[in-house]
Amino acid sequence: MVPKKIVSCLSVIVICSIIMTGCGRMESPKPKIVVEEEKPTVVVEEEKPAVKLVLKFTPQDSTTYKYTKEAVRGIKWEGSMSEDTAFRGGQTSSRNELIFTQQIQSTDDNGNAVAKITIKSLKHLSIIRDNPVIDFDNSRQKDQNNPLATLIGQSYTIEVTPAGRVSKIIDANQARAAVKGDTATHKTALAMLSDDVIRERHTIPAMPAAEKNQLRTGENWNSIKTFSFGLMGSRSYERIYTLKEVTNSDNHRFAIVGMAANLTTEKAEELHKEKAIGDFSKMFDNTETYTGRLELDLTTGKVEKCTEQLQSEWIAVEPMVGEKGENEEKEPAVLTMTATRLYSLEKID
14 MVPKKIVSCL
24 SVIVICSIIM
34 TGCGRMESPK
44 PKIVVEEEKP
54 TVVVEEEKPA
64 VKLVLKFTPQ
74 DSTTYKYTKE
84 AVRGIKWEGS
94 MSEDTAFRGG
104 QTSSRNELIF
114 TQQIQSTDDN
124 GNAVAKITIK
134 SLKHLSIIRD
144 NPVIDFDNSR
154 QKDQNNPLAT
164 LIGQSYTIEV
174 TPAGRVSKII
184 DANQARAAVK
194 GDTATHKTAL
204 AMLSDDVIRE
214 RHTIPAMPAA
224 EKNQLRTGEN
234 WNSIKTFSFG
244 LMGSRSYERI
254 YTLKEVTNSD
264 NHRFAIVGMA
274 ANLTTEKAEE
284 LHKEKAIGDF
294 SKMFDNTETY
304 TGRLELDLTT
314 GKVEKCTEQL
324 QSEWIAVEPM
334 VGEKGENEEK
344 EPAVLTMTAT
354 RLYSLEKID
């Protein structure tokens, strides 16, 4: 009887031990530490407001500008062939420097202006193969009887748009009538008053089209310009204009526009007509740069300065001419052809 009680007691002790083991003290769970990754601070640059690139006109307002246009072609022979007079090179060029006043006579609801242009000063230099054929400067006393002198003080009227385009040649008859004669210099004077030349003189090439004149810094627009290079044919360029920055100075805001151009095939069909001549250029290695800059006073709506310049160079080398002879070694023949086109308009008053 006693043993049974002992066994029972032991059984109870074992069971309790098992239960107590399973019900032992539980450790409190450690708090989980969550480390948040530090996110990089993103600085959002505030978008600058768009500016409107337009010309502004006020009736009776008068501004004086200096306009410069230059075209230069050069040919240079080097090596043994340079001694042959048949291969004599040289430079041919034409340069115009014209100062004029632009007086606004009236404006319409679209911002277009009727402007009276008066020629104040003129310099013209024409050179053919290094020989000056016309050298005129109205500030020189000896040039006062030159046919070009009749242009000084002459006026013509045009219509100009806020986009810097000449929409109409209103009247240039009186200025043209003042040039009387049929010499080469008379013809040069009349050419300066032709519709095409007047339109080119007063067009601002760097201004955007009317429907694209709201621009932010970094935005761009483009246009096509074609030049003829004689034996080298015609070449078209896509001029890409970019609004570089808007600055403030003396309570005025200025827009700075940069231009860089590249060759384009947009006018390929037209240029194909000149293929026979243009193929001559394939004999040459060509390098060129075509850049420009516009400074526009946004406060007054006037151009401070606008320049565009194209510089091209073609080089051809004929090594066969430089082969060794029996008694001498001749240098290779090198032909270099260059071309420059310059447009400049600068406000001087």
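In my numbering, the protein residues as written are 14 to 362. All C-beta atoms in this analysis are idealised placements derived from N, C-alpha and C, irrespective of residue type, glycine included.
Using the beta-carbon count (16 or more within 10 Å), is T174 buried or exposed?
buried
Quick one: grab the DSSP three-state call for D184.
strand
Could you give the first and the last residue of the continuous alpha helix (DSSP H) run that contains T198?
A197 to A204
Which same chain residues end up closer than 7 Å to A162 when comparing Cβ atoms and leaving out the 5 residues on each side of it in sequence?
So the qualifying residues of the chain are N151 and D156.
Under DSSP, the alpha helix (DSSP H) around D209 begins and ends at which residues?
Here the alpha helix (DSSP H) through D209 covers D208 to H215.
D143 to T302 span [Cα, whole Å]
Near 24 Å, if we compare the C-alpha coordinates of T302 and D143.
Whole angstroms is fine: what's the gap from H265's alpha carbon to V67's?
Inter-residue distance for H265 and V67 is about 15 Å (C-alpha atoms, whole angstroms).
Per DSSP, which residues does K318 bridge with? Please list them.
E308 and E359
Tell me the DSSP bridge mates of F13?
This structure does not reach residue 13, given that the chain is present from 14 up to 362, and the question cannot be answered.
On the three-state DSSP scale, how would you describe P145?
strand
According to DSSP, is D150 helix, strand or coil?
strand
Compute the beta-carbon to beta-carbon distance between T77 and I112, rounded to the nearest angstrom, for a pair I have assumed lies under 8 Å.
7 Å
For K65, which residues does DSSP report across the bridge?
Q227
Do the CB positions of T304 and M272 come within less than 8 Å of each other?
Yes. Within cutoff.
What number of angstroms, rounded off, separates the C-alpha of D209 from the C-alpha of E344?
46 Å
Three-state secondary structure assigned by DSSP to T302:
strand
Burial state of L358, where buried means 16 or more other Cβ atoms lie within 10 Å:
Burial call: buried.
So L323 and F240 are in contact, right, with Cβ under 8 Å, and what is the actual spacing, rounded?
7 Å
Apart from the five residues on each side of it in sequence, which residues of its chain come closer than 6 Å, Cβ to Cβ, to D148?
The residues L138, in chain order, have a CB closer than 6 Å to that of D148 in the same chain once the five nearest residues on each side in sequence are set aside.
Would you call the stretch 199-216 in contact with the stretch 177-189, where contact means no fewer than 3 C-beta pairs closer than 8 Å?
yes
Check whether the Cβ atoms of V179 and T216 sit closer than 8 Å, and answer yes or no.
Their beta carbons are under 8 Å apart, which means V179 touches T216 by this criterion.
DSSP beta-bridge partners of V11:
Because the chain in this structure spans residues 14 to 362, residue 11 falls outside the shown range and cannot be described.
Measuring only the C-alpha atoms, how far is A289 from R252?
With a pLDDT of only 43 at A289, under 50, the local geometry of the prediction cannot be trusted, and the value read off the model is given with reservation. Cα-Cα distance, rounded: 26 Å.
Candidates S106, T313, R212 and A84: which alpha carbon is nearest E321's?
A84
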